[in-house]
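Engineer: Residues -1 to 313 (the working numbering) make up the sequence shown, in order.
I have a structure here, written as structure tokens, and I will follow up with some questions on it.
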Amino acid sequence: MRRIYKLGGGDTMLYSFEAETEVKAPLLITHFVGGTDAGKAGSIAIDQLLASLPGKRIATFNTDELLDYSTQRPTVTIDEWQVVEVSSPEIVLDLIHDDSGTPILILHGPEPSLKWKTFTKEVTALAKNAGVELVISMKGMPASIPHTRGPLVHLQASDPELVKNQPPMGRPMDFPASMNTFLAYALNQEGIESISFLVTVPFYLSAATYTQGGLALLNRVAQLLDVRLPIGNLEEVNDVPIAEIPGNVVETEELATLLRSLEQHYDEQVFPAMLDNPDTLASLSDTFLHEQDIDVDALAETIEKFLERAEEEEN
């Protein structure tokens, strides 16, 4: 059964509801490509869930109403000088079940560039009808953490109890909102709790694919929410690139010096703080690069180019 939902009672379709029966799920995961996600950590976690767990399409949104195609262009496939396919980006709502059978809704696709309030209103209605009690998101954030140490997963939540052990911010701070945050706030107003899982990604790997970050996110979500999520093949993929990077980096003295400094900072300040308070934000790491008077952008570019050259030489 395919039901069409329109904007303001007019002829413009906002989304089509494709489920044949009523959908119920206590957990909603949202992920929109285009916002901050260092190391593609959030995307890795979402792709793993969608590829590994049985699921079905619940709703498909009309991207003509929600996207600016001049900034989020369709993908064209050309074969033997002919256009054989044009794939438009999709924003969809899928239903999956974890390994113990718990139903989970996943809203994913490119971040809407238009009609945020309308989109949020409709998603909120869908969530309430499905009995959603908690909405979560996952993403990577750049940090002065070395890749030779495990990433840290921090929480941003609507429930003060979940973040009470993290250090106080000191003062309110303003940031450009992502759709994940915008939507979570709207759901909070309707009585639905929210948690954002933020994994630290070595700043010099922000533009890379950091599998270790996606793995850490899934492990933390499973631990905190008591859901059974598949991570096996991520552990296998994770072993190869992370194991190769240290040997490459130490071949250049400048990079080796940076790595040693990051490791020392982590071992002497960040890790002990985590032992004292497992849920704390590693705020010490945020000031490390400033204390060292390091040009973050230039250094990140240097490391990325070095790793690219190392990969080309291996191939």
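Quick reminder that beta carbons are idealized off the backbone N, C-alpha and C, glycines included.
These figures come from a predicted structure and were not determined experimentally.
1. Considering Tyr183, what are the terminal residues of the alpha helix (DSSP H) in which it resides?
2. Provide the residue span of the beta strand (DSSP E) that contains Thr209, from first to last.
3. Are Leu232 and Leu215 close, meaning C-beta to C-beta below 8 Å?
4. For Glu191, collect the residues of the same chain with a Cβ closer than 6 Å to its Cβ; drop the 5 residues on either side in sequence, then sort them by chain order.
5. What are the residues that DSSP puts in a beta bridge with Pro140?
6. Name the two residues that bound the continuous beta strand (DSSP E) containing Phe15.
7. Is it the case that the stretch 187 to 207 contacts the stretch 134 to 145, given that we only count it when at least three CB pairs across the two stretches are under 8 Å?
8. For the alpha helix (DSSP H) that Gln347 lies in, which residues bound it at each end?
9. Which class does Phe173 belong to by DSSP, given the choice of helix, strand or coil?
10. Would you list the residues sitting across from Ser192 in a DSSP beta bridge?
11. With burial defined as no fewer than 16 other Cβ atoms inside 10 Å of the residue's Cβ, what is the status of Ile89: buried or exposed?
12. Which whole-angstrom value is the C-beta distance of Leu185 and Thr122, which I expect to be below 8 Å?
13. Out of Leu12, Lys54, Gly230 and Ala206, which one is the CA nearest neighbour of Gly40?
14. My guess is that Arg226 and Asp97 are in contact by the Cβ rule of under 8 Å, so how many angstroms apart are they, rounded?
15. Roughly how many angstroms lie between the CA atoms of Thr75 and Ala175, to the nearest whole one?
16. DSSP has Ser85 in a bridge; who is on the other side?
17. Could you round the C-beta distance between Val130 and Pro24 to whole angstroms and report it? I think they count as a contact, below 8 Å.
18. Would you tell me roughly how many angstroms separate the C-alpha atoms of Asp77 and Glu159, rounded to the nearest one?
Structural biologist: Looking at the atomic coordinates:
1. Met177 to Gln187
2. From DSSP, Thr209 is part of no beta strand (DSSP E) but of the alpha helix (DSSP H) over Thr209 to Leu223.
3. no
4. Leu132, Ser156 and Asp157
5. Val199
6. Met11 to Phe15
7. yes
8. The shown model of the chain, from -1 to 313, leaves out residue 347, and the question about it has no answer.
9. coil
10. Val133
11. buried
12. 6 Å
13. Ala206
14. 4 Å
15. 33 Å
16. Thr73
17. 7 Å
18. 55 Å
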